[in-house]
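For reference, the structure is listed below as structure tokens.
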Amino acid sequence: MITETTTTGMYEQLKALLADTVPDFELRIKAEVAAEINRLKAEKNAVILGHNYMEPALFHSIPDYVGDSLELSRKAAQTDKDIIVFCGVRFMAETAKILNPGKKVLLPSEKAGCSLAASITAADVRELRQKFPGVPVVTYINTYADVKAESDICCTSANAIAVVESLHTDTVIFIPDEYLAGNVARETGKKIIFPTREPVKNFETELDYQMIGWPGRCEVHEKFTVEDIRNVRKQFPDVVILAHPECSPEVVEASDFSAGTTAMIRYIERTKAPRYLLLTECSMGDNIAAANPEKEMLRLCSIRCPHMNQITLEDTLEALRKDQYQIVIDEVIRRRAYSSVERMLAIG
Ligand code: SF4
Numbered sequence: 001m002i003t004e005t006t007t008t009g010m011y012e013q014l015k016a017l018l019a020d021t022v023p024d025f026e027l028r029i030k031a032e033v034a035a036e037i038n039r040l041k042a043e044k045n046a047v048i049l050g051h052n053y054m055e056p057a058l059f060h061s062i063p064d065y066v067g068d069s070l071e072l073s074r075k076a077a078q079t080d081k082d083i084i085v086f087c088g089v090r091f092m093a094e095t096a097k098i099l100n101p102g103k104k105v106l107l108p109s110e111k112a113g114c115s116l117a118a119s120i121t122a123a124d125v126r127e128l129r130q131k132f133p134g135v136p137v138v139t140y141i142n143t144y145a146d147v148k149a150e151s152d153i154c155c156t157s158a159n160a161i162a163v164v165e166s167l168h169t170d171t172v173i174f175i176p177d178e179y180l181a182g183n184v185a186r187e188t189g190k191k192i193i194f195p196t197r198e199p200v201k202n203f204e205t206e207l208d209y210q211m212i213g214w215p216g217r218c219e220v221h222e223k224f225t226v227e228d229i230r231n232v233r234k235q236f237p238d239v240v241i242l243a244h245p246e247c248s249p250e251v252v253e254a255s256d257f258s259a260g261t262t263a264m265i266r267y268i269e270r271t272k273a274p275r276y277l278l279l280t281e282c283s284m285g286d287n288i289a290a291a292n293p294e295k296e297m298l299r300l301c302s303i304r305c306p307h308m309n310q311i312t313l314e315d316t317l318e319a320l321r322k323d324q325y326q327i328v329i330d331e332v333i334r335r336r337a338y339s340s341v342e343r344m345l346a347i348g
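By the count of the working numbering, the sequence shown reaches residue 348 at its end, each step adding exactly one.
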């Protein structure tokens, strides 16, 4: 946990980690803002949660906890602070509110959405349930509260397989990430279909598939291709390639390791591979490179999530100063969404 509240101290801390990544003049400006945030955070009894995809200066300066969706959900549920500032995207801040409704939850930017969360509505889930009666709905955590409320259980990329297997059913509806569903199907040996909005033929008689997906995609991870992997391997045959499960099943198949963001970080900390390549959001690559300076990270891209990118130190300071933007969820929806998230947390 970093709680530095002086500009000089913060600048020194950031410089030690990020001198190779962030220009010096920028580090000085960011250090001043970050130190002010930490002062205000203590004054207002707030906790700051920072997703692994936050830009390096923010990631290494103000969060009390950093991690993936699952880890941060747990921290949100446990905190006794008055205010939770979520440096991530809206569905994450909503999950914090679902789990800890008595707290004021702030999202520093109103524009921090997500292409996956936007791909499906509560009405879509109700329609799927009508088409496939009795089939349990597993919903990726990257969805809004009203979609979670229509679901039986949530999952993250870290626990998706365990959640699907915990249901002990022949068939599941797995929404909304088409690629994550494909990867879970691949790992669990299940067949998958993607229903259209038209009636699905014969579904009421005999199911010859075991997973029902939805055509949502992460606009960041869908950009990586098998061709990218081939080109890198040609140039660096000893590279270890890690792909996030929101990448296509073909990309995951062609990589060496696939798991959620925290498992990727642990892998890099332990690997003896001479160099590695991450197929995920690029700020996370910067954060890992800063924490593991002795290891060589190859850079394939500069694919930044436009939604995560909305969260800046400046906006976080404004959020704390003005108590904006507060997450509000209808209580009936929140309670139903809570059940789905709680079931997931019980699994791990
Ligand atoms: S990286 Fe993809 S899944 Fe994550 S917030 Fe951005 S668009 Fe959504």
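Backbone N, C-alpha and C fix where the C-beta goes; we use that ideal spot for every residue, glycine too. Note that the structure is predicted; figures quoted are calculated from it, not measured.
Candidates the options: closest to residue i by CA position
i	options	result
phenylalanine 59	Leu106, Ala118, Thr3	Thr3
proline 176	Glu187, Val137, Ser166	Val137
aspartate 68	Thr171, Cys87, Phe257, Ile83	Cys87
tryptophan 245	Thr21, Ala263, Asn231	One detail in the question is off: residue 245 reads as proline in this sequence, not tryptophan. That would be Ala263, whose Cα lies nearest to the Cα of proline 245.
isoleucine 288	Gln13, Leu17, Thr6, Gly9	Leu17
lysine 322	Pro23, Lys41, Ile173	Lys41
aspartate 20	Asp80, Pro56, Tyr325	Pro56
glutamate 250	Phe236, Ala259, Ile229	Ile229
serine 255	Leu277, Phe91, Leu300	Leu277
alanine 243	Ala319, Pro237, Phe257, Tyr325	Phe257
glutamate 32	Ile48, Asn45, Lys44, Ser61	Ser61
glutamine 324	Ile83, Glu253, Thr261, Arg275	Ile83
glutamate 222	Thr261, Thr139, Leu279, Asp238	Leu279
alanine 122	Cys218, Leu106, Tyr144	Tyr144
methionine 297	Ile311, Ile173, Ala273	Ala273
threonine 169	Gln210, Lys191, Tyr140	Gln210
Start and end residues, beta strand (DSSP E) containing residue i
i	result
lysine 148	Here lysine 148 belongs to no beta strand (DSSP E); instead the alpha helix (DSSP H) covers 145-149.
lysine 104	104-106
alanine 46	46-51
tyrosine 267	No beta strand (DSSP E) holds tyrosine 267; the alpha helix (DSSP H) holding it covers 261-270.
threonine 139	137-140
methionine 297	296-298
glycine 213	Counting along the chain, glycine 213 falls outside any beta strand (DSSP E), and DSSP gives it neither H nor E.
isoleucine 83	83-87
Exposure label - residue i; buried when at least 16 CB within 10 Å
i	result
isoleucine 153	buried
lysine 201	Only weak support exists for where lysine 201 lies, its pLDDT of 47 falling under 50; the coordinates are left without a value.
glutamate 294	exposed
glutamate 94	buried
lysine 75	buried
glutamine 235	exposed
glutamate 26	exposed
proline 199	A caution first: proline 199 carries a pLDDT of 45, below 50, which makes its placement in the model unreliable, though a value can still be read off. Classification for proline 199: exposed.
alanine 149	buried
aspartate 208	Caution applies to aspartate 208, whose pLDDT of 46 falls short of 50 and renders its modelled position unreliable; the value that the coordinates give is listed next. So aspartate 208 ends up on the exposed side.
threonine 205	With a pLDDT of only 37 at threonine 205, under the threshold of 50, the placement of this residue in the model should not be trusted; the figure read from the coordinates follows. With fewer than 16 other Cβ atoms within 10 Å, it is exposed.
glycine 348	exposed
glycine 102	exposed
phenylalanine 238	What sits at residue 238 in the sequence shown is aspartate, not phenylalanine. Result: exposed.
valine 328	exposed
heavy atom of the ligand SF4 below 7 angstroms from residue i C-beta
i	result
cysteine 155	no
asparagine 142	yes
methionine 308	yes
tyrosine 53	yes
serine 115	yes
glutamate 246	yes
cysteine 218	yes
glutamate 26	no
isoleucine 305	According to the sequence provided, residue 305 is cysteine. The question's isoleucine does not apply to it. Within the cutoff, so yes.
valine 89	yes
histidine 221	yes
glutamate 296	no
glutamate 281	yes
Alpha helix (DSSP H) segment containing residue i, residue limits
i	result
glutamate 178	178-188
arginine 39	24-43
isoleucine 98	90-99
arginine 230	226-235
isoleucine 347	331-347
tyrosine 11	7-18
Residue i: CB within 7 angstroms of a non-hydrogen atom of the ligand ATP
i	result
alanine 319	By its list of ligands, the structure shown excludes the ligand ATP, since it contains just the ligand SF4.
- Message: Below 8 angstroms, how does it come out for the region 281-288 and the region 50-64: are there three or more Cβ pairs, yes or no?
- Response: Contact check between the region 281-288 and the region 50-64: three or more CB pairs, one atom from each, fall below 8 angstroms, which counts as touching.
Check: Hey, is the region 303-320 in contact with the region 268-278, meaning 3+ C-beta pairs nearer than 8 angstroms?
Finding: Under the Cβ criterion (8 angstroms, minimum of three pairs), the region 303-320 does not count as touching the region 268-278.
Q) Between the region 152-166 and the region 183-192, are three or more C-beta pairs nearer than 8 angstroms? A) Because the criterion of three Cβ pairs below 8 angstroms is met, the region 152-166 and the region 183-192 touch.
Taking contact to mean at least 3 C-beta pairs separated by less than 8 angstroms, is the region 309-318 in contact with the region 119-130? As far as the Cβ criterion goes, the region 309-318 does not touch the region 119-130, which means the pair count is below three.
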